[in-house]
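Colleague:
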Amino acid sequence: MIVLNVSSQKPFTTKDGSRIRSILDCTNAPVRNQSLAEASVLAGGATQRHYHRKSEEFYFILEGEGIMEVDAERRTHRSRGCDPDPPGAWHQITASQPLRFLCCCAPPYSHDDTFFA
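Okay, so the sequence shown: first residue is 421 according to our numbering, each after it adds one.
#1: Label Ser-455 either buried or exposed according to how many other C-beta atoms from any shown protein chain fall within 10 Å of its C-beta, with 16 as the threshold for buried.
#2: Distance check for Gly-484 and Ala-537, CA to CA, integer angstroms please.
#3: If you count every other CB in all the chains shown that lies within 10 Å of the CB of Gln-512, and 16 or more means buried, which is it?
#4: Would you mind working out which of Ala-509, Pro-507, Tyr-479, Pro-506 sits nearest Thr-496, comparing C-alpha positions?
#5: Roughly how many whole angstroms lie between the Cα atoms of Ser-428 and Gly-508?
#6: Where does the unbroken beta strand (DSSP E) through Thr-514 begin, and where does it stop?
#7: When every heavy atom of the ligand MN is checked, does at least one fall within less than 8 Å of the C-beta of Thr-467?
#8: Given this structure, state the Cα-to-Cα distance separating Ala-492 from Met-421, to the nearest angstrom.
#9: Reducing DSSP to helix, strand and coil, say where Ser-427 ends up.
Spelled out as structure tokens, the structure:
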């Protein structure tokens, strides 16, 4: 059994500009088909609009509020809200308050599977 403490994982900036800390992925656990990370975006900040060819992704908002755009549809998301992004869907999140959220990807997140306009 592997038990990881999130605070022991070093944060890094993803290709879309969000700051994430891996919770579980192939670099720190025997996980092959998905990844789970904690992400943050400062108030007034946003991720760069992007899509993933392979990964299905969803965000689960832990704290804060933001506007989620998926394929040009915009919605306000608050704590405890969830948003699915299917492969190929253009998406971006803009923080109206500091945001902290879980980001789940299957297959696992990869810089190589992140594409921009």
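Backbone N, C-alpha and C fix where the C-beta goes; we use that ideal spot for every residue, glycine too.
For clarity, every value in this text was computed on a predicted model and none was experimentally measured.
Modeller: On the basis of the coordinates in this document:
#1: So Ser-455 ends up on the buried side.
#2: Taking the CA atoms as reference points, Ala-537 sits about 28 Å from Gly-484.
#3: Of the other Cβ atoms in all chains shown, 16 or more fall within 10 Å of the Cβ of Gln-512; this residue is therefore buried.
#4: Measuring from the Cα of Thr-496, the nearest candidate turns out to be Tyr-479.
#5: The alpha-carbon atoms of Ser-428 and Gly-508 are separated by roughly 32 Å.
#6: Going by DSSP, Thr-514 is part of the beta strand (DSSP E) stretching over 511-515.
#7: Looking for the ligand MN in the displayed structure turns up nothing, as the structure carries no ligands at all.
#8: Inter-residue distance for Ala-492 and Met-421 is about 42 Å (C-alpha atoms, whole angstroms).
#9: The DSSP-derived three-state label of Ser-427 is helix.
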